[in-house]
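Participant:
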Amino acid sequence: MAAGDKTDQDELDLFRKDLGSFVRAYDFLSQIVNFADPDLEKRSIYYKHLLPVLRANDAPVALDLSGVVLAKYALKDKGQAQLQLSDNDAVLKPALDVGSGQTKDPALATWEEIIQQANLPFEGEELDAVAHFVEGVRRELVKNQTLQTQARNNSRTHFGSSPHFENAVNDAVQNSMESHYNLSLQALGEKTKMRALLATLSGLIYEELQEQAS
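Residue numbers for the sequence shown follow the numbering used here, so the first one is 729 and each next one is one higher.
This is the structure:
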């Protein structure tokens, strides 16, 4: 799917979700408040019958994660919370954001899926820390002029297997030592983790550089 088609599809999906949000909000609020607005009621009925016709395209984005292995995951106890159900001062917050959603940038959406689906095999770090580390490496790679030239002149496979790409990743990881010492040390010291990092970044960097060149 081309980038323009993906953006159009995201806008259509957002429109469908906004219709659903409106119908649910109106069905709930109309039981409490008499809006005395026949046009609003007609619109709600029309939207309710339109929704089943709008088919959602939920086909997953094809991601090549063959070189990434989920080694472990971490669970963090954030404690318990006490719900105050008898407080006389408690106020129910109104629904203010119905229909205010925005489409996601396709590159950012792909990046989120990679982070969520593949927790890189780094030890002793939370997923958020890994995401910040990999994002910092990514930002440095897309500014690399040699990689920009190679992305324009090579296929995805040749780009990912190029020694220039591996060297650029090594340099970017070394430059992250100050802010992400443990993660950088693990990536530089263990071939398995460096291969996982290379596999995760190669396709994403290639697509991003291709878009910059077009």
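Glycine included, every Cβ here is placed at the ideal spot set by N, Cα and C.
Is Asn895 helix, strand or coil when you go by DSSP?
Facilitator: Residue 895 sits at position 167 when you count from the first residue of the sequence shown. Looking at Asn895 - three-state DSSP - the assignment turns out to be helix.
Participant: Would you mind giving the Cβ-Cβ distance between Gln938 and Ala900, rounded to the nearest angstrom? I have them listed as a contact below 8 Å.
Facilitator: In the sequence shown, counting from the first residue as 1, residue 938 sits at position 210. In the sequence shown, counting from the first residue as 1, residue 900 sits at position 172. No, Gln938 and Ala900 are not in contact; Cβ-Cβ is about 19 Å, not under 8 Å.
Participant: Between Arg744 and Leu768, how many whole angstroms is the CB-CB distance? I'm expecting something under 8 Å.
Facilitator: Counted from its first residue, the sequence shown places residue 744 at position 16. Counted from its first residue, the sequence shown places residue 768 at position 40. Going by Cβ atoms, the distance from Arg744 to Leu768 rounds to 20 Å, so no, they are not a contact pair.
Participant: Could you say which of Leu925, Tyr934, Lys919 lies nearest to Asn882 if we only look at CA atoms?
Facilitator: Sequence index remark: in the sequence shown, residue 882 carries index 154 (1-based). The candidate whose alpha carbon is nearest that of Asn882 is Tyr934.
Participant: Any idea what DSSP makes of Lys806, helix, strand or coil?
Facilitator: In the sequence shown, the residue the question calls residue 806 occupies position 78. Coil.
Participant: Answer with buried or exposed for Glu739, where buried requires no fewer than 16 other C-beta atoms within 10 angstroms of its C-beta.
Facilitator: Working through the sequence shown from its first residue, we reach residue 739 at position 11. Label assigned to Glu739: exposed.
Participant: Counting beta carbon pairs with one atom in the region 790 to 805 and one in the region 760 to 767, are three or more of them shorter than 8 Å?
Facilitator: Segments in contact, no.
Participant: Would you identify the three-state DSSP class for Lys871, choosing helix, strand or coil?
Facilitator: Your numbering for residue 871 matches position 143 in the sequence shown. Three-state result, Lys871: coil.
Participant: Out of Ala941, Leu926, Ala915, which has the shortest C-alpha to C-alpha gap to Ser794?
Facilitator: To locate residue 794, count along the sequence shown from 1; it is residue 66. Minimum Cα distance to Ser794 is reached at Leu926.
Participant: Decide if the region 853 to 864 is in contact with the region 882 to 899; the criterion is three or more beta carbon pairs, one per stretch, under 8 Å apart.
Facilitator: Touching, no, given that fewer than three Cβ pairs across the two stretches are closer than 8 Å.
Participant: Out of Pro766, Gln737, Asp755, Lys919, state which residue places its alpha-carbon closest to the alpha-carbon of Val796.
Facilitator: Working through the sequence shown from its first residue, we reach residue 796 at position 68. Selected option, being the one with the closest Cα: Lys919.
Participant: Would you report the Cα separation of Ser758 and Leu742, rounded to the nearest angstrom?
Facilitator: Counting from 1 along the sequence shown, the entry for residue 758 is found at position 30. Counting from 1 along the sequence shown, the entry for residue 742 is found at position 14. Going by the C-alpha atoms only, they are around 24 Å apart.
Participant: If I measure Cβ to Cβ from Gln902 and keep anything under 6 Å in the same chain, skipping five residues before and after, which residues do I get?
Facilitator: If you number the sequence shown from 1, residue 902 lands on position 174. Result list for Gln902: empty, nothing under 6 Å.
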